[in-house]
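Novice: The structure is given below, and queries will be raised subsequently.
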Amino acid sequence: MRGLARVLSKMGVASRTEATELVASGRVSVNGRVTRDPGAAIDQGSDQIELDGRPVTGAAPVYLAMHKPAGVLTTAHDPEGRPTVYGLLPRGIPSWIFPVGRLDGPTSGLLLFTNDSVAGQALTDPDVGVPKTYEVKLKGELTQADVEALQKGVRLEDGTLTRPAQCRTMPSKEGTTWIELTIREGKNRQVRRMGRAIGHKVVRLTRTRVGPVELGGLEVGKCRMLTAAEVRAIRALARGK
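In the numbering used here, each residue's number is its place in the sequence shown (first place is 1) plus 4.
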């Protein structure tokens, strides 16, 4: 049993906040009776939910990739009026979709969206350990010891130890170092904190891959639907393969 607003969100009808508003406004009925309680217990296997008099059967699954620009926030609304990723979504998206994980404001690169909550959870679950790859520009020149520390795991400022990562250096200009870093977890602002842990500030950060999906040549600020092969690979992850 789950709360009504949560069920609507899980079915891809709306975000949790929007679903709560839909229920509170009296637009949703359960088994023929209008309910205004977003927390009303629902059995998806037997209860019949209607929105504006029409049965809710769940939205078609949507899987989308975005090349998020630096300076754009991963949120639906910003009280300060700053640009958000939802302003970059193409028109005609058939249902509510949510970002899979987050990229902080200054970070650019691959951001996935879906309304498939099971797939979204699998892609972000640290127990699944989906690899995420970044191109990272750090201030200063990294030593081999720095690289090995990132590979083995570093102690963050809050005392937590990161998991082993893949790290290789890339062609760099004097005074900075570019690396390709692949991690299998997603702590808040983790890559930037890993840089600080080895004494090097991250000055540019771009995510280039999430699991089976690559950023490739997708232009900054643009989106594309995932290919059938990418969707199959993500669904396989969600099934635990």
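Every residue, glycine too, gets a C-beta built ideally from N, C-alpha and C. Keep in mind the model is a prediction, meaning the values are calculated, not measured.
Grab the span of the beta strand (DSSP E) containing E139 for me, first residue to last.
Specialist: Segment 136 to 143, the beta strand (DSSP E) holding E139.
Novice: For S13, which three-state DSSP category applies?
Specialist: The answer is helix: DSSP assigns S13 an H, G or I state.
Novice: Taking only the alpha-carbon atoms, compute the straight-line gap between V214 and R37 and give it to the nearest angstrom.
Specialist: If I take the Cα positions, the gap works out to 43 angstroms.
Novice: In terms of alpha-carbon separation, which member of I187, T180, Q148, R172 lies closest to T166?
Specialist: Of I187, T180, Q148, R172, the residue nearest in Cα terms is I187.
Novice: Can you tell me which of the three DSSP states M174 falls into?
Specialist: Correct three-state label for M174: strand.
Novice: Return the bridge partner residues of G113 from the DSSP annotation.
Specialist: G113 is bridged to K72, R211.
Novice: Cβ atoms of A69 and L209: under 8 angstroms apart, would you say?
Specialist: Result no, Cβ atoms of L209 and A69 do not sit closer than 8 angstroms.
Novice: Tell me whether G7 sits in a helix, a strand or coil according to DSSP, three-state version.
Specialist: It is a strand residue.
Novice: Going by DSSP in three states, E152 sits in which element: helix, strand or coil?
Specialist: In this structure, E152 counts as helix in the three-state DSSP scheme.
Novice: K14 and S121 - do their beta-carbons sit closer together than 8 angstroms?
Specialist: Yes. Within cutoff.
Novice: DSSP beta-bridge partners for S33?
Specialist: In DSSP, S33 forms a bridge with V38, E54.
Novice: With DSSP run on the structure shown, which of helix, strand or coil describes A45?
Specialist: The answer is strand: DSSP assigns A45 an E or B state.
Novice: Please go through the same chain and pick out, in chain order, the residues whose beta-carbon is closer than 6 angstroms to the beta-carbon of T79, but skip the five residues on each side of it.
Specialist: Once the five neighbours on either side are set aside, the close Cβ partners of T79 are T88.
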